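One structure below.
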Amino acid sequence: MLKKVLSYLIPIKIHTEKSSLSKCIEVTWANGELVLDSENTNYSYGSLQRVLRYGLKTIGFDKIVKMEHILILGVAGGSVIKTLVDEIKFGGQITGVEIDPDIIKIANQYFKLDEIQQLEIIIDDAFEFVLKTKNKYDLIIIDVFQDTTMPNFLYESYFTNRVCYLLKSKGFVLFNTMLLNKEDNLRNEKYIANFCTVNHNIKSIPRIEVHNELIVIEKKM
Numbered sequence: 001m002l003k004k005v006l007s008y009l010i011p012i013k014i015h016t017e018k019s020s021l022s023k024c025i026e027v028t029w030a031n032g033e034l035v036l037d038s039e040n041t042n043y044s045y046g047s048l049q050r051v052l053r054y055g056l057k058t059i060g061f062d063k064i065v066k067m068e069h070i071l072i073l074g075v076a077g078g079s080v081i082k083t084l085v086d087e088i089k090f091g092g093q094i095t096g097v098e099i100d101p102d103i104i105k106i107a108n109q110y111f112k113l114d115e116i117q118q119l120e121i122i123i124d125d126a127f128e129f130v131l132k133t134k135n136k137y138d139l140i141i142i143d144v145f146q147d148t149t150m151p152n153f154l155y156e157s158y159f160t161n162r163v164c165y166l167l168k169s170k171g172f173v174l175f176n177t178m179l180l181n182k183e184d185n186l187r188n189e190k191y192i193a194n195f196c197t198v199n200h201n202i203k204s205i206p207r208i209e210v211h212n213e214l215i216v217i218e219k220k221m
């Protein structure tokens, strides 16, 4: 409790761990809440939870609570899962795909992810999982980062088309992107401009954090 109170004055790091995939993982008390960070950016809770919550609110909490199956590519500490379960009261199935088992170990220890009964965690590469899965989803959340880097496959048309194929009728994709420079902004503009399918709509959401832009894809039928 003391560390939580003191964290309103200064961040207090309580756990640091090296990971072969994520390099450095840190758990910190900051402004009265636990957050999960990589070496250079926020991975879960804190500002990232606010960004993804804003995206979910844009889609509509009332729509999400009626959904049956949600896929999350990139779990980290599971802050978006906590928003779905604790705030939105989503009662359906959640499948979380995370490539780094060390992060899931920390998420279970500090954020009690393993206590969420409707959640299935799969340790796998997001691209590989999307190719293999036979399921269809009402909502697919893409939140895949390696520190401050976004893997190139996220912007490839083959991956995008496959993700859209996995959507149920009137389903949504919520794609969280990081923009650190002019090139990143141009990358997103090109991605949206080149998106080509008559069965889906695409749009970006006005930013609430300078370096994060959310892109929403909606399946029409």
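The numbering of the sequence shown is full-length UniProt numbering, which starts it at 1 and goes up by one. Don't be surprised by glycine CBs; every beta carbon is placed ideally from N, CA and C. All figures in this text were calculated on a predicted structure; none of them were measured in a lab.
Given residue i, which residues of its chain have a CB within under 7 Å of its CB, disregarding the five upstream and five downstream residues?
i, result
"Asn185", "Leu179"
"Ala30", "Ser7, Pro11 and Gly46"
"Val198", "none"
"residue 243", "Outside the shown range of the chain, which is 1 to 221, sits residue 243, and nothing can be said about it."
"Phe61", "Ile88"
"Phe159", "Phe127, Val130 and Phe153"
"Ile116", "Ile81 and Val85"
"Thr48", "The sequence as given places Leu at residue 48; Thr does not occur at that position. For Leu48, where only same-chain residues beyond five positions count, the Cβ hits under 7 Å are Asn42 and Ser79."
Could you pull out every residue in the same chain whose Cβ sits closer than 6 Å to the Cβ of residue i, ignoring the five residues on either side in sequence?
i, result
"Asn135", "none"
"Glu218", "Phe172 and Asn201"
"Ile215", "Phe175 and Ser204"
"Ile14", "Val27"
"Glu120", "Thr95"
"Ile122", "Val97"
"Ile59", "Phe172"
"Asp102", "Ser19"
"Phe111", "Gly77 and Gly78"
"Asp124", "Val97"
"Cys164", "His200"
"Thr113", "A small fix is needed here, since residue 113 is Leu in this sequence, not Thr. Excluding positions up to five away in sequence, the list reads Gly78 and Ala107."
"Glu189", "none"
Check each candidate in the options and name the one with the smallest Cα separation from residue i.
i, options, result
"Glu68", "Ser169, Lys82, Leu6 and Tyr155", "Ser169"
"Gln118", "Asp86, His15 and Thr41", "Asp86"
"Lys4", "Lys23, Thr28 and Ser19", "Thr28"
"Asp100", "Val210, Leu2 and Cys24", "Cys24"
"Asn212", "Cys164, Met1 and Asn42", "Asn42"
"Tyr137", "Glu128, Gly91, Asp114 and Leu71", "Leu71"
"Lys66", "Gly92, Ile106, Thr58 and Arg162", "Gly92"
"Phe195", "Leu167, Asn161 and Val210", "Asn161"
"Gln109", "Thr16, Leu2, Thr133 and Phe61", "Thr16"
"Pro206", "Thr177, Ser19 and Phe111", "Thr177"
"Asn181", "Cys164, Ala193, Val210 and Leu166", "Val210"
"Thr133", "Leu167, Phe111, Arg187 and Ile104", "Leu167"
"Lys18", "Glu33, Leu34 and Ile106", "Ile106"
"Ile104", "Leu21, Glu189 and Gly32", "Leu21"
"Leu139", "Arg187, Glu183 and Phe90", "Phe90"
Might you give, ordered along the chain, the residues of its own chain that have their beta carbon closer than 8 Å to the beta carbon of residue i, omitting 5 neighbours on each side?
i, result
"Ile208", "Arg50, Val51 and Tyr54"
"Leu56", "Ile64, Val80, Thr83, Leu84, Ile88 and Leu174"
"Met221", "Ser169, Lys170 and Asn199"
"Gly32", "Lys4, Val5, Ser7 and Tyr8"
Report back the beta-carbon spacing between residue i and residue j to the nearest angstrom; my notes put them in contact at under 8 Å.
i, j, result
"Leu154", "Ile142", "7 Å"
"Ala126", "Gly77", "No, Ala126 and Gly77 are not in contact; Cβ-Cβ is about 17 Å, not under 8 Å."
Any chance the CB of residue i is under 7 Å from a heavy atom of the ligand MG?
i, result
"Lys136", "This structure simply doesn't include the ligand MG, nor any ligand for that matter."
Which runs of the beta strand (DSSP E) fall wholly inside the segment 117-184 and span at least 3 residues, in chain order? Those beta strand (DSSP E) runs which fall completely within the segment 117-184 and span 3+ residues are 119-123, 137-142 and 167-178.
Under 8 Å: do the segment 140-151 and the segment 25-40 share three or more Cβ pairs, one atom per stretch? With a cut-off of 8 Å, the segment 25-40 and the segment 140-151 count as touching, because enough Cβ pairs lie within range.
Which parts of the segment 31-98 are runs of the beta strand (DSSP E), unbroken and 3 residues or longer, counting only runs that do not cross its ends? Runs found: 33-37, 42-44, 69-73 and 93-98.
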